[in-house]
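See below:
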C-alpha cells in the first residue's frame, strides 16, 4: 500500500512538471523571440532579441520594431527639459566616444520629444542636427539633419514633435566617414531627411556625438523634454 501511495505521488509530481501554465487570464502573453535578423512581422507588445548585437526590440505597431531597449545600450539621456532653443544652435544631447572606439558599422540611435512653442505668426525653419566633432558642442560635421519648415499647422497648438535619428560609421581612421538620417513626426505630419553624402570623422581621436537644435530668425522657440542616445551596434 505504501509503495502504491509513493508511486501515485511520483506520478503526480511528474505530471505537474510537464503541465503547461496558462497565464492568459491577464488577457495575453508573448514569448520573447530570438533571431539573428529582424523578423518580418510582429504584434504590438511582442519583443525579440537579436543574437548578432544582443539587443532587445519592442514591437511598437503591427509589423514595426521600435528602438532597442536595455540600460547598457543608453550612452546618454536628457535628465531635465532644455531651456527654450532659439536662433543660437544649442546642444540637446552629447556623448564623448573614446578614441579608436568606433568601428565600421558602429551605429547610434537617437530619440527625443520636443514642443514647438507657439508664436503669433509661426514661420522660419526649425533644424535638429546630429554632429560628430572633436571639440565641445555644438561643433563638428553634420552627419544627419532634420529641417522642419514651420507653419500654423505645425506650431499652432505648441505641437509635440518626435524625432528619431540613426548615424553609422562607414570607414575608420584619421579620414574615416559616417552617414545618417533623421525622421520626425508630429501635428504637421511626417518630416524626413537623409544625408546625401557621408562626412569625414577622425576615429583615432575622441569624437563628441552631439544632437543640437536651432531656429531661423523670426520663428518660435522649441523645448526638448525627453531624449536619449543609445548604442545600437558596436
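Numbering (our numbering), first residue to last: 136 to 369.
Glycine is no exception: its CB is placed at the ideal position from the N, C-alpha and C atoms.
| Item | Value |
| --- | --- |
| Cβ-based neighbour list, residue 313, same chain, cut-off 7 Å, excluding 5 preceding and 5 following | 267, 278, 302, 303, 304, 305, 333, 334 and 336 |
| Between the CA atoms of residue 232 and residue 360 - distance to the nearest angstrom | 24 Å |
| Residue 367 versus residue 271 - alpha carbon distance | 24 Å |
| Residue 88 burial status per 10 Å Cβ neighbour count (16 or more: buried) | Given that the chain is displayed from residue 136 to residue 369, the structure contains no residue 88 and the question cannot be resolved. |
| Beta-carbon proximity list for residue 308, same chain, < 7 Å, skipping 5 on both sides | 338 and 339 |
| Contact check, residue 208 vs residue 365, beta carbons under 9 Å | yes |
| First and last residue of the uninterrupted beta strand (DSSP E) at residue 337 | Premise fails: residue 337 is in no beta strand (DSSP E) and is neither H nor E. |
| Residues near residue 201 in its chain [Cβ-Cβ closer than 8 Å; skip 5 each side] | 192, 193, 194 and 195 |
| Backbone CA spacing between residue 369 and residue 220 [nearest angstrom] | 32 Å |
| Where residue 355 falls, given that 16 or more other Cβ within 10 Å makes a residue buried | buried |
| Cross-strand partners of residue 363 (DSSP beta bridge) | 212 and 246 |
| Local Cβ density within 10 Å of residue 259, reported as buried at 16 or more and exposed below that | buried |
| As assigned by DSSP and simplified to three states, the class of residue 261 | strand |
| Proximity of residue 103 and residue 184 at Cβ, strictly below 9 Å | No statement about residue 103 is possible, as the shown extent of the chain runs from 136 to 369 and does not include it. |
| Cα-Cα separation between residue 143 and residue 182, rounded to whole angstroms | In this prediction, residue 143 scores a pLDDT of 46, lower than 50, which makes its location untrustworthy; the coordinate-derived value is nonetheless stated afterwards. Answer to the nearest angstrom: the Cα atoms are 41 Å apart. |
| Helix, strand or coil at residue 198 according to DSSP, with G and I counted as helix | coil |
| Endpoints, the beta strand (DSSP E) within which residue 282 is located | 276 to 284 |
| Local conformation of residue 227 per DSSP, three classes | strand |
| Burial state of residue 342, where buried means 16 or more other Cβ atoms lie within 10 Å | buried |
| Buried versus exposed call for residue 273 [16 or more other C-beta atoms within 10 Å across all chains shown] | buried |
| Neighbourhood of residue 170 by C-beta distance below 8 Å, restricted to the same chain and skipping five residues each side | 183, 184, 185 and 186 |
| Alpha-carbon spacing of residue 252 relative to residue 214, whole angstroms | 20 Å |
| Neighbourhood of residue 358 by C-beta, 8 Å cutoff - its chain only, sequence neighbours within 5 removed | 216, 217, 218, 219, 220, 249, 250 and 252 |
| Selection from 176, 241, 349 and 210 that minimises the alpha carbon distance to residue 285 | 349 |
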